[in-house]
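> Chains as they are written, first to last, in my numbering: chain A, 969 to 1083; chain B, 654 to 763.
Note that the Cβ used here is the ideal one computed from N, Cα and C, for glycine as well.
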């Protein structure tokens, strides 16, 4: 069964450093998403991406964040200058159609620890 | 903005018992989705409800979408240890952003 993959599974970084989290969505999907989950809290929407541009983004997704689909398979989330409060689990998801009415398939997540 | 609330936050259940978790939105939803997240895992899609008053069953799980499409429930019968995890409901807001509830963490005691 096709699945969303994410690398790395765990990323440790120093405050102020840039990190890039990588995702490979399911191959025939067209919509891609990033979510984050701070330990013990709910899943929070960050951004959705379609046709090589951002469709929607939340208040959390400020200028420190950017997303990119550099090639036909990868979907990346970049945090330019990490802060302690960026420590969280980051989930990538993809859907064949617009996620509002379609199943979103989540990847296993990348645990980001900012020291 | 839209808020999605879930109650209870925690649910301790004896194996074999039934329980229900509830999801309420401050605005009408076009659809609602339910996810299960096992401890240390990622959210896994369970089901989507679209129609007003819709009821769907998956084995011991029964999902319901309210008539006003602002609330939903998940009822589990004869709870098993495999039901352990956090159950999230999620729905799109008017801006197209997917809002998750805070989840109901389910603990099952044998």
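#1: If you follow the beta strand (DSSP E) that residue 743(B) is part of, which residue opens it and which one closes it?
#2: Could you give the distance in angstroms between the alpha-carbon of residue 1020(A) and the alpha-carbon of residue 992(A)?
#3: Between the beta-carbon of residue 664(B) and the beta-carbon of residue 672(B), is there less than 8 angstroms?
#4: Mind listing the chain A neighbours of residue 752(B)? Cutoff is C-beta to C-beta under 8 angstroms, in chain order.
#5: Compute the minimum distance between the beta carbon of residue 716(B) and the heavy atoms of the ligand MG, and state whether it is under 7 angstroms.
#6: Taking residue 756(B) as the query, report the chain A residues whose CB atoms sit under 7 angstroms from its CB, ordered along the chain.
#7: According to DSSP, simplified to helix, strand and coil, what is residue 1036(A)?
#8: Closer than 7 angstroms by beta-carbon distance: list the chain A residues that pair up with residue 761(B), in chain order.
#9: For residue 970(A) and chain B, any beta-carbon pair shorter than 8 angstroms?
#10: Is the beta carbon of residue 1078(A) sitting closer than 8 angstroms to the one on residue 1058(A)?
#11: At the level of alpha carbons, what is the spacing between residue 1027(A) and residue 1045(A)?
Considering the structure as presented:
#1: 738–745
#2: 15 angstroms
#3: yes
#4: 1013
#5: The ligand MG is not part of this structure, which contains no ligands at all.
#6: 1010
#7: Three-state DSSP puts residue 1036(A) in a strand.
#8: Residues of chain A with a Cβ closer than 7 angstroms to the Cβ of residue 761(B) do not exist, since the nearest Cβ in that chain sits about 19 angstroms away.
#9: In terms of beta-carbon proximity, residue 970(A) stays away from the interface with chain B, with every pair separated by 8 angstroms or more.
#10: yes
#11: 16 angstroms
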